[in-house]
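In this note's numbering, the protein residues as written are 408 to 695. First up is the structure itself, then whatever we jot down about it.
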């Protein structure tokens, strides 16, 4: 079994900030976590962000901030995995290692506000508004920065996040899947990968429980404890997320979209869509 949940950011033990550029067809698509805090700017590509009980879309221009040991996956849309696809994904990420910072300079009064970020453990946020714009501008400098300049940029970004207020929107609930063990995380990753690969097909609770190597009853308890959703609620959310994308980006009719994302009954699709999004599919679809 792959040990992906304890994903380690390649860095030295004395490095507070690590900058990473991801370029390729898809983003890293395994559920994982790491003790470093993470700030990611999506430059190109689309897909689903899963973190705890949160399931949402990401696209170019989005900025996400994750606390320490927040299990997450940026799963590129299916078309990005096709062999003949020319689609690309790109993102820039900064990892912050507070343990390294505290070992190096202790508890300087000037840095005490940074302790607030320990409260973000296990949580995932999206950054909006002025804070989003300012962070994206600063991230453009990271690739050509080093040494003290890079440290200064990191502190500027953290200062913006610390004062972001309503610009910082919490996406998942506290404590959900926080700090999963390697065994537990590997099991959750297998379940997530299975659901993402088959979410538009007829998949049963029994089949998914078998993937987790659990009985149906044990799996129901296991899954709800870690996502705060039942298996059915989670699967419906994944399907509605895809329906939102198709409504916004294609000219397909509502009935065809419902069928494509796994619904056999149009009225059930309409009811589910409104329950999850607050809008009917017709109201959600952009006017042309």
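Even for Gly, the Cβ is constructed at its ideal location relative to N, Cα and C.
- residue 509 to residue 492 span [Cα, whole Å]: Near 45 Å, if we compare the C-alpha coordinates of residue 492 and residue 509.
- Local conformation of residue 504 per DSSP, three classes: Three-state DSSP puts residue 504 in coil, outside helix and strand.
- Would you identify the three-state DSSP class for residue 409, choosing helix, strand or coil? Any answer about residue 409 is weak, because its pLDDT of 37 lies below 50 and its placement is not dependable; what the coordinates show is given next. Residue 409 carries a coil assignment under DSSP once its states are collapsed to helix, strand and coil.
- The beta strand (DSSP E) spanning residue 567 covers which residue range? Careful: residue 567 lies outside any beta strand (DSSP E), inside the alpha helix (DSSP H) at 554-569.
- Of the residues 654, 534, 659 and 540, which one's Cα is nearest the Cα of residue 686? When only C-alpha atoms are compared, the closest one is 654.
- Can residue 456 and residue 464 be called in contact, C-beta distance under 9 Å? The answer is yes: Cβ separation under 9 Å.
- Message: residue 538 and residue 575 - do their beta-carbons sit closer together than 9 Å?
- Response: Against a cut-off of 9 Å, the Cβ pair of residue 538 and residue 575 comes out as a contact.
- Paired residues, beta bridge with residue 426 - DSSP: For residue 426, which the question treats as bridged, DSSP gives the partners 501.
- Query: How many whole angstroms separate the CB atoms of residue 607 and residue 633, which I take to be in contact at a CB cut-off of 8 Å?
  - Reply: A Cβ-Cβ separation of about 23 Å leaves residue 607 out of contact with residue 633 under the 8 Å criterion.
- Would residue 520 pass as a contact of residue 451 if the rule is Cβ separation under 9 Å? Not in contact: residue 520 and residue 451 (Cβ atoms no closer than 9 Å).
- In terms of residue numbering, what span does the beta strand (DSSP E) encompassing residue 463 cover? Start and end: 461-465.
- Message: Less than 8 Å between C-beta atoms, sequence neighbours within five positions excluded: which residues of the same chain meet that for residue 558?
- Response: Within the same chain, residue 558 has close Cβ partners 423 and 424.
- Message: So, with DSSP's three-state summary, where would you put residue 674?
- Response: Here residue 674 sits in helix by DSSP.
- residue 647, enclosing alpha helix (DSSP H) - first and last residue: Going by DSSP, residue 647 is part of the alpha helix (DSSP H) stretching over 638-656.
- Limits of the unbroken alpha helix (DSSP H) element including residue 538: From DSSP, the alpha helix (DSSP H) with residue 538 extends over 536-549.
- Task: Whole angstroms is fine: what's the gap from residue 676's alpha carbon to residue 684's?
- Result: So the alpha carbons of these two residues sit roughly 12 Å apart.
- Query: At a cut of 8 Å, does the stretch 588-607 reach the stretch 560-569 through at least three beta carbon pairs?
  - Reply: Contact between the stretch 588-607 and the stretch 560-569 is absent, because fewer than three Cβ pairs lie under 8 Å.
- Query: Under a Cβ-count criterion, where at least 16 other Cβ atoms within 10 Å of its own Cβ denotes burial, should residue 692 be classed as buried or exposed?
  - Reply: Residue 692 comes out buried.
- Buried or exposed for residue 660, please, with buried defined as at least 16 other CB atoms from any protein chain shown within 10 angstroms of its CB. When all chains shown are included, residue 660 counts as exposed.
- Alpha-carbon to alpha-carbon, residue 619 and residue 408: Interpretation of residue 408 is limited by its pLDDT of 32, a score under 50 that renders its predicted location unreliable; the figure taken from the coordinates is listed afterwards. Taking the straight line from one Cα to the other gives about 12 Å.
- Query: Taking C-alpha atoms, which residue in 483, 421, 478 and 499 lies nearest to residue 429?
  - Reply: Ranking the options by Cα distance to residue 429, first place goes to 499.
- Item | Cβ shell of residue 626 (< 8 Å), same chain only, five flanking positions each side left out | Apart from sequence neighbours up to five positions away, the residues of its chain that approach residue 626 with a beta-carbon distance below 8 Å are 612, 615, 616, 619 and 638, ordered along the chain.
- Message: So if DSSP puts residue 531 in a beta bridge, which residue, or which two residues, is it bridged to?
- Response: Per DSSP, the beta bridge partners of residue 531 are 473.
- Task: Could you name the residues that DSSP lists as bridge partners for residue 451?
- Result: 497, per the DSSP bridge assignment.
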